[in-house]
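*Asks:*
There are 2 protein chains.
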Amino acid sequence: MNLLATFLAAAFSTSLAAAAPAPPSPADIAAAAPAGAWRTVAPENLMLVETPRGTMAIEMAPDFAPAHIAAIRALVAAGRFDGGAITRVQDNYVVQWAARPGPDKVLASSGAAAVAADGAAAVAAGSTAAPGGVAVGTGPGAAHPAVLPAEYERSARGLKIVRLGSNDTYARSGFWNGWPVAQDRKTNTAWLAHCYASVGVGRDDPPDTGDGSELYAVIGHGPRHLDRNITMVGRVIDGIADFSALPRGTGPLGFYKTPAEQTVITRVRFAGVGDPRFEVLDSDSPAFAAYLKARANRTGFFIRPAGATDLCNVQVPVRRVTK
Amino acid sequence: MNLLATFLAAAFSTSLAAAAPAPPSPADIAAAAPAGAWRTVAPENLMLVETPRGTMAIEMAPDFAPAHIAAIRALVAAGRFDGGAITRVQDNYVVQWAARPGPDKVLASSGAAAVAADGAAAVAAGSTAAPGGVAVGTGPGAAHPAVLPAEYERSARGLKIVRLGSNDTYARSGFWNGWPVAQDRKTNTAWLAHCYASVGVGRDDPPDTGDGSELYAVIGHGPRHLDRNITMVGRVIDGIADFSALPRGTGPLGFYKTPAEQTVITRVRFAGVGDPRFEVLDSDSPAFAAYLKARANRTGFFIRPAGATDLCNVQVPVRRVTK
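Residue numbers (the numbering used here), protein chains in the order written: chain A, 213 to 535; chain B, 213 to 535.
#1: Can you tell me whether A:S203 is buried or exposed, with buried defined as 16 or more other CB within 10 angstroms of its CB?
#2: What residues in its chain sit with their C-beta under 6 Å from that of A:R489, if we drop five residues either side in the sequence?
#3: Can you tell me where the beta strand (DSSP E) with A:A383 in it begins and where it stops?
#4: Exposed or buried, A:A520, counting other C-beta atoms within 10 Å across all chains shown (16 or more means buried)?
#5: Is the CB-CB distance between A:R300 and A:F455 below 7 Å?
#6: Do three or more CB pairs link the region 442 to 457 of chain B to the region 406 to 425 of chain B at distances below 8 Å?
#7: Under a CB-based cut-off of 7 Å, is B:G434 close to chain A?
#8: Closest to B:E262 by CA distance: which of B:Q527, B:D294 and B:D275 is it?
#9: Following the continuous beta strand (DSSP E) through A:A402, name the residue where it begins and the one where it ends.
#10: Consider the Cβ of B:R369: report whether some Cβ of chain A lies at a distance smaller than 7 Å.
#11: Starting from the beta carbon of A:T521, find every residue of chain B whose beta carbon is closer than 9 Å, and list them in chain order.
#12: Helix, strand or coil: which one does DSSP assign to B:I515?
#13: Return the Cβ separation of A:P233 and A:A506 in integer angstroms, given the expectation that the two are a contact with Cβ distance under 8 Å.
#14: With three or more C-beta pairs closer than 8 Å as the rule, is the region 460 to 476 of chain A touching the region 240 to 249 of chain A?
#15: By the three-class DSSP mapping on this structure, what secondary structure does A:E365 have?
#16: Would you tell me roughly how many angstroms separate the C-alpha atoms of B:G424 and B:A297, rounded to the nearest one?
#17: Should B:G486 go down as buried or exposed, given a rule of 16 or more other Cβ atoms within 10 Å for buried?
#18: Using a Cβ cut-off of 9 Å, pull out every chain B residue sitting near A:N257, in sequence order please.
#19: DSSP on A:P455, reduced to helix/strand/coil?
#20: Pick out whichever of B:A508, B:P498 and B:I515 has its Cα sitting closest to the Cα of B:A184.
#21: Among A:T462, A:I431 and A:H437, which residue has its Cα nearest to the Cα of A:I452?
#22: In its own chain, which residues sit with a C-beta less than 6 Å from the C-beta of A:P235, not counting the 5 before and 5 after it?
#23: By how many angstroms is the C-alpha of A:P418 removed from the C-alpha of B:V413?
#24: Check the Cβ of B:P418 against every Cβ in chain A and list those closer than 7 Å, keeping chain order.
#25: Please report how far the alpha carbon of A:P517 lies from the alpha carbon of B:P255, in whole angstroms.
#26: Can you pull the chain A residues whose beta carbon is under 7 Å from the beta carbon of B:S456, in chain order?
#27: Span of the beta strand (DSSP E) holding B:P392?
#28: Within 10 angstroms of its Cβ, does A:L523 collect 16 or more other Cβ (buried), or is it exposed?
#29: What is the DSSP secondary structure of A:G486, counted as helix, strand or coil?
#30: In three-state terms, what does DSSP make of B:L287?
#31: If we ignore side chains and look at the alpha-carbon of each, how far apart do B:A354 and B:A279 end up?
#32: Fully enclosed by the region 289 to 316 of chain B, which beta strand (DSSP E) runs are 3 residues long or longer?
#33: Taking A:N257 as the reference, which of A:R251, A:M272, A:W250 and A:A394 has the closest Cα?
#34: Any beta-carbon of chain B closer than 7 Å to the one on A:Y408?
#35: Where does B:R210 sit, in a helix, a strand or coil, going by DSSP?
#36: Under three-state DSSP, which class holds B:Y503?
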C-alpha cells in the first residue's frame, strides 16, 4: 500500500467522474434508498451462531420452511447447538455445522452427506468422495419430531414475486420479500434459491430429509442444482466472512478429520434486546427495481454492461441498523 | 464424528444402492475417463504462486491473452512477483495479488479497483467503497510494455466450442479445450468466463486496461458481469483453497489495511522438471459430454435433477498426475 499512490489514484478517479458523471452504482442506489424501502429483520427470525471466530447472523424464512424452523427453534431452546461444532468446510461449496448429540440419539454423527460432493473437486483432490450419513433416530426425549416433512418447495399461491428480468438457467426466478426465489408455474410452487450465504438443512441420501440438527451455508458459486432437493431455511446476512475463511476440511467432502480441527459453537440463540438489528432492501420497492437494473447494467468501471444478471449475482442489500 | 454412525450410514447407503443402482455420478465419470480424454497442462503455461500459506497452480491461456501473458512472463522472469503480496481478499469475490514496485515505477500501488466493488457487500459493511487505483507508469526500465492492448475478447474463428446445452443468462456458452467460454455470434468473438478460480488482470477505471502486475482469482459466485470487461489470463487448477480461506481484508473493497495483514509471495515461477503435473478433462471427449450431462442431471442424493446447469457450475475436472 502506497498512500501517495492511493491519493493520486483517488484524484484521478475524481477527475474522470467530473469529465463524465456516471449513473449511480448499485451501491449508490442502496445507500440512497429511503427508510421505507427497507424491511426490518424480525429479531425472532434472526438466529445468531456464536463461535470464537465470530458470529453468523442468519435470517430464517418461516414462510418457506415452518416445520424445520420450528424444529431448529426447539433445538436452540434446548441448547443442543451450544457446544456443537463446525464440522465441514468444503471449498467453493459449504460450511456446515452440527448440534451436539442429545439424549434422544437423534443426532448421531456429523458425517452427513448434507450436500452431495462436488465431482470436480473430488477428482482434483483424488478423494473417493463416498457419501457419509446421519442416522435418524426415533428414540424418546427428542427435542423435536424425529421425522419432518420435506419442505423443498411451497405453494406459490399468494406470493408476489418480483421478476428477475433476466433469463435464468434453472427456473423462472425473482424475489419475494427480499429473498431470491425460483418458481414453477406448472406446479404453482416456489422455493428459496441456493445462492452464496443461503442456509439449508443437511440430510442423508433419500428418503432422509434432514431434521434440522445439521445446517450449512453456501460459500461458493450458487449450487442451484440443490434447489428443490433440500430444505432451505434462510440466509446469512452478517458475519459469513469469518466462516468462509475457515480452513477447508481435508477429509472427504471437506469434513474435518479430527474434532481438534473443528470450530466449536459457543452458543446459538435468537436475537433479543441489545442485539444488532438489520434491514433488507424490500424487493417490492422502487429502490430495489433501480438496484436490480443497475446490477444488470454496470457502468463506471465497466465498459460493456452485461445487460442481464443471474439470480445469485443480484445480492439483495442488507444493512446493519445503528441503534 | 461417530465412527459407528458413519459405518452404519455407509451400510445404509450401500443397501439403497443395491435396491436401485444409481447411474454414475459426475465424479464417477471423471474418475473412469480414459487417458485419451485428458489434456496435459503444458508446464510452460503453469504458473506457480508460492507463499508460506501454500502454492497456487494457475494454468495460463495464451490463446486468449497472449500480450498480457507475455507481460506476466516478463515480470516473472524479472522476479518482480517475488516479494510481492496478496493485498486484497474480498468475500464472495476475489483474492488479489501484486508484484513489487520496480525501477520502472510501473507498479506504484496495490490499491487497484481491479474488480469493481460489490454493491451489496459494500452496503452491508457500511463502507464507502470508493474505488482506488493503480498509477500506470511509463518510465524507462520497464520489464514489459507499460501499455498493453485490452484482451477482453478474441475472434471466435477456428475455435471449436462445445455447447453448454443449457440456457446461459449472459451469452451463448460452452467449453473450448477445457476452458469455460462464452461467445457472441454477431461479433464472432469469444472470451473466458468469470467462474470460481478464474484468474484475471486487475485494472483501474477505463481507459486503463491493466499491465499484468496485479492479478486476481475469483473466490465467490462467478461474477459474469466482468466478462469482456477485464483481461482473463487463466484459472487456478490447484491450491486455491489455501487462498480462498485467507482472512478477508477489512478496508474498502477487501484490501488489507496494513502490510502486516498481507500474505507475502515468496516466489512466482513457471513449472519445470520435478513439479507436479496436471491434466484437464478434454471438453471434446465423450467422457466430458457424459460428465456435462451428469452435472445437469444429478442422481443419487438428488430427488429432482435440475435438467440444466449454468456454465460456472460445470467445473471442468482437473487431476494431478502422479509421476
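Every residue gets a Cβ at the ideal spot worked out from N, C-alpha and C, and that includes glycine.
Just so we're clear, the structure is a prediction, and the values are computed from it rather than from any experiment.
*Replies:* Short version:
#1: Because residue 203 of chain A is not part of the residues shown, which for chain A are 213 to 535, the question remains open.
#2: Taking the first sequence and counting its residues from 1, the one referred to as residue 489 of chain A is at position 277. Counting only Cβ-Cβ distances below 6 Å, and skipping sequence neighbours, we find V533.
#3: Within the first sequence, numbered from 1, the residue matching residue 383 of chain A stands at position 171. Neither: A:A383 is in no beta strand (DSSP E) and is coded neither H nor E.
#4: Taking the first sequence and counting its residues from 1, one reaches residue 520 of chain A at position 308. Counting Cβ neighbours within 10 Å, A:A520 comes out buried, since at least 16 surround it.
#5: For the purposes of this step, residue 300 of chain A is taken as residue 88 along the first sequence, with counting starting at 1. For the purposes of this step, residue 455 of chain A is taken as residue 243 along the first sequence, with counting starting at 1. Not closer than 7 Å, so no.
#6: yes
#7: The residue labelled residue 434 of chain B in the question sits at position 222 within the second sequence. Answer yes: the Cβ-Cβ gap between B:G434 and chain A drops below 7 Å somewhere.
#8: As a position in the second sequence, residue 262 of chain B is number 50, starting the count at 1. Cα-wise, what sits closest to B:E262 is B:D294.
#9: Along the first sequence, one-based indexing puts residue 402 of chain A at 190. Taken as a continuous stretch (DSSP letters only), the beta strand (DSSP E) holding A:A402 covers T401 to L404.
#10: Numbered from its first residue, the second sequence carries residue 369 of chain B at position 157. Taking Cβ atoms only, chain A never reaches closer than 7 Å to B:R369, which makes this a no.
#11: One-based indexing of the first sequence puts residue 521 of chain A at position 309. Correct list: T381, Y382, R436 and H437.
#12: Along the second sequence, read from residue 1 onward, the residue named residue 515 of chain B stands at position 303. The answer is coil: DSSP assigns B:I515 none of H, G, I, E or B.
#13: Here residue 233 of chain A corresponds to residue number 21 of the first sequence, with the count starting at 1. Here residue 506 of chain A corresponds to residue number 294 of the first sequence, with the count starting at 1. About 15 Å separates the two Cβ atoms, so there is no contact after all.
#14: no
#15: Indexing the first sequence from 1 puts residue 365 of chain A at position 153. Note: A:E365 maps to coil in three-state DSSP.
#16: Position 212 of the second sequence, counting from 1, holds the residue named residue 424 of chain B. Position 85 of the second sequence, counting from 1, holds the residue named residue 297 of chain B. About 14 Å.
#17: Numbered from its first residue, the second sequence carries residue 486 of chain B at position 274. By the neighbour-count rule (16 or more Cβ atoms within 10 Å), B:G486 is not buried but exposed.
#18: By 1-based counting over the first sequence, the position of residue 257 of chain A is 45. Those within 9 Å of A:N257 in chain B number zero; the least Cβ separation is about 18 Å.
#19: Start at 1 with the first residue of the first sequence, and residue 455 of chain A comes out as number 243. The identity of residue 455 of chain A in the sequence shown is Phe, whereas the question assumes Pro. DSSP places A:F455 in helix when its eight states are reduced to three.
#20: Outside the shown range of chain B (213 to 535) lies residue 184 of chain B, about which nothing can therefore be said.
#21: As a position in the first sequence, residue 452 of chain A is number 240, starting the count at 1. When each option's Cα is compared against that of A:I452, the closest is A:I431.
#22: Reading the first sequence from its first residue, position 23 is the one you call residue 235 of chain A. So the list reads T511, once near-sequence residues are dropped.
#23: As a working note, residue 413 of chain B is residue 201 in the second sequence. As a working note, residue 418 of chain A is residue 206 in the first sequence. Straight-line Cα distance between these residues: approximately 44 Å.
#24: Counted from its first residue, the second sequence places residue 418 of chain B at position 206. The contacting residues are I515.
#25: By one-based count along the first sequence, residue 517 of chain A stands at place 305. By one-based count along the second sequence, residue 255 of chain B stands at place 43. Going by the C-alpha atoms only, they are around 36 Å apart.
#26: Within the second sequence, the letter at position 244 stands for residue 456 of chain B. Those within 7 Å of B:S456 in chain A are D303.
#27: In the second sequence, counting from the first residue as 1, residue 392 of chain B sits at position 180. Element bounds for B:P392: W391 to D396.
#28: The residue labelled residue 523 of chain A in the question sits at position 311 within the first sequence. A:L523 is buried by the Cβ-count criterion.
#29: Taking the first residue of the first sequence as position 1, residue 486 of chain A is located at position 274. Correct three-state label for A:G486: coil.
#30: Along the second sequence, read from residue 1 onward, the residue named residue 287 of chain B stands at position 75. Looking at B:L287 - three-state DSSP - the assignment turns out to be helix.
#31: What you label residue 354 of chain B is simply residue 142 of the second sequence in a count that begins at 1. What you label residue 279 of chain B is simply residue 67 of the second sequence in a count that begins at 1. Unreliable positioning characterises B:A354 in this predicted model, as indicated by a pLDDT of 43, which lies under 50. The coordinate reading is nonetheless provided below. For B:A354 and B:A279, the distance between alpha carbons rounds to 15 Å.
#32: 297 to 302 and 306 to 310
#33: Taking the first sequence and counting its residues from 1, one reaches residue 257 of chain A at position 45. Checked all of A:R251, A:M272, A:W250 and A:A394; the closest Cα to A:N257 is A:M272.
#34: Residue 408 of chain A sits at position 196 when you count from the first residue of the first sequence. Yes, A:Y408 lies at the interface with chain B (some Cβ there is under 7 Å from its Cβ).
#35: No statement about residue 210 of chain B is possible, as the shown extent of chain B runs from 213 to 535 and does not include it.
#36: Along the second sequence, read from residue 1 onward, the residue named residue 503 of chain B stands at position 291. Helix at B:Y503.
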